[in-house]
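**Student:** Sharing a structure with you now.
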Amino acid sequence: MEKPLKLYSDLAPWFHLLTQPDDYAEEAAFYRGLILAHCTFPPRTLLELGSGGGNNAAHLKAHFTMALTDLSPQMLALSQGLNPECEHITGDMRTIRLGRQFDAVFIHDAICYMISREDLQRAIETAYVHCRPGGVALLAPDFVRETFKEYTDHGGHDGEGRALRYLEWVWDPDPSDSTYLGEMAYLLRDETGQVRMFHDRHEEGLFSQAEWLRLLEQQGFQPHAVPFEHSDALNFGTPVFVGVKPVG
Ligand SMILES: C[S@@+](CC[C@H](N)C(=O)[O-])C[C@H]1O[C@@H](n2cnc3c(N)ncnc32)[C@H](O)[C@@H]1O
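Written as structure tokens, this is what we have:
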């Protein structure tokens, strides 16, 4: 994602009207369960890479001391308002180095912005470097190649005096490469009743389950692909990847 998307820059203050903490309660509980099940000791600290609006963190912070990192200062500012107890640090998941380790490292849907194998490998390396031996990394892409499906969705929320609605249109112009596209149209209604419209093209990465497991293993993790459990109708059956960092 070299050119900033509007959603994560100018429109960041609207992000919680697109997707908000309540939408994430079930998912965050599932991720916490996976961390507890795979970590070889009781985990207390959690680093999130690409934490965005901090929606997952809003739930996970009750159980972990969290550091939240993101490429976008505007998204971090939004998350800071929601999660003032958490440390917030600007950085690219491919290159950030904090010089310390955490019991667990989490990359949610932000991992989808790794559009080449090299980028994905670098993000996995960042997770490894920041993970304590015996700890875990948890990565949750929207799709692997085997589960990819073109679809259209819509949603949004009402805020205080303003509201947002979106249309999401996911398609793949070239099934032979490692990317697909998410076209996002946003309608923003402000306090005066005026409505503005914006479009972003989200380019996202697509790798097979075997590639994911191989990259995690090459990095030194013991990799697992775990079925994602969620009641949402838009659950495509994409696995969540868990890497356990060996001790010694
Ligand atoms: C959909 S949002 C994440 C929302 C998040 N799951 C939540 O719970 O609120 C995706 C985020 O990925 C971030 N991002 C994209 N590329 C990144 C990179 N290379 N390093 C760090 N963050 C990145 C964007 O700035 C954006 O905030």
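Straight run, no breaks: the sequence shown in this note's numbering ends on number 248.
Just so you know, even glycine gets a beta-carbon here, dropped at the ideal spot from N, CA and C.
How about Leu49: is its Cβ closer than 7 Å to a heavy atom in ligand 1?
**Tutor:** For ligand 1, at least one heavy atom lies less than 7 Å from the Cβ of Leu49.
**Student:** Since Phe198 contacts Lys6 with CB under 8 Å, what's their CB separation in whole angstroms?
**Tutor:** Their Cβ separation, rounded to whole angstroms, is 5 Å, which keeps Phe198 and Lys6 in contact under 8 Å.
**Student:** Measuring only from the beta carbon, is Tyr151 closer than 7 Å to any heavy atom that is part of ligand 1?
**Tutor:** Result no, Cβ not under 7 Å from ligand 1.
**Student:** Can you name, in chain order, every residue of its own chain whose Cβ lies under 8 Å from the Cβ of Asn83, other than the five neighbours on each side?
**Tutor:** The residues are Gly54, Ala57, Ala58, Lys61, Met66 and Leu68.
**Student:** Please classify His230: is it buried, with 16 or more other beta-carbons within 10 angstroms of its beta-carbon, or exposed?
**Tutor:** When all chains shown are included, His230 counts as exposed.
**Student:** Jot down the residue ranges of each uninterrupted beta strand (DSSP E) in the region 85-134, minimum 3 residues, whole runs only, in chain order.
**Tutor:** Listed in chain order, they are 87-90 and 102-107.
**Student:** On the three-state DSSP scale, how would you describe Ala140?
**Tutor:** Coil at Ala140, not helix or strand.
**Student:** Could you tell me if Thr238 is buried or exposed, where buried requires 16 or more neighbouring beta carbons within 10 angstroms of its beta carbon?
**Tutor:** Thr238 should be labelled buried.
**Student:** Return yes when the C-beta of Gly52 is under 7 Å from any heavy atom of ligand 1, and no when it is not.
**Tutor:** Checking every heavy atom of ligand 1 against the Cβ of Gly52, one is found closer than 7 Å.
**Student:** Name the DSSP beta bridge partners of Gly159, please?
**Tutor:** DSSP, once it has assigned bridges, lists no residue as partnering Gly159.
**Student:** Can you give me the C-alpha to C-alpha distance between Ser208 and Gly193, rounded to a whole angstrom?
**Tutor:** Those two C-alpha atoms are separated by around 45 Å.
**Student:** Within the 8 Å Cβ cut-off, does Phe228 reach chain C?
**Tutor:** Protein chain content of the structure displayed is limited to a single chain, and chain C is not contained in it.
**Student:** Go to Gly288, then tell me how far its beta strand (DSSP E) extends in each direction, as first and last residue.
**Tutor:** With the chain covering only 1 through 248, there is no way to say anything about residue 288.
**Student:** In chain order, which alpha helix (DSSP H) runs of at least 4 residues are fully inside the region 18-72?
**Tutor:** You should have 25-38 and 57-60.
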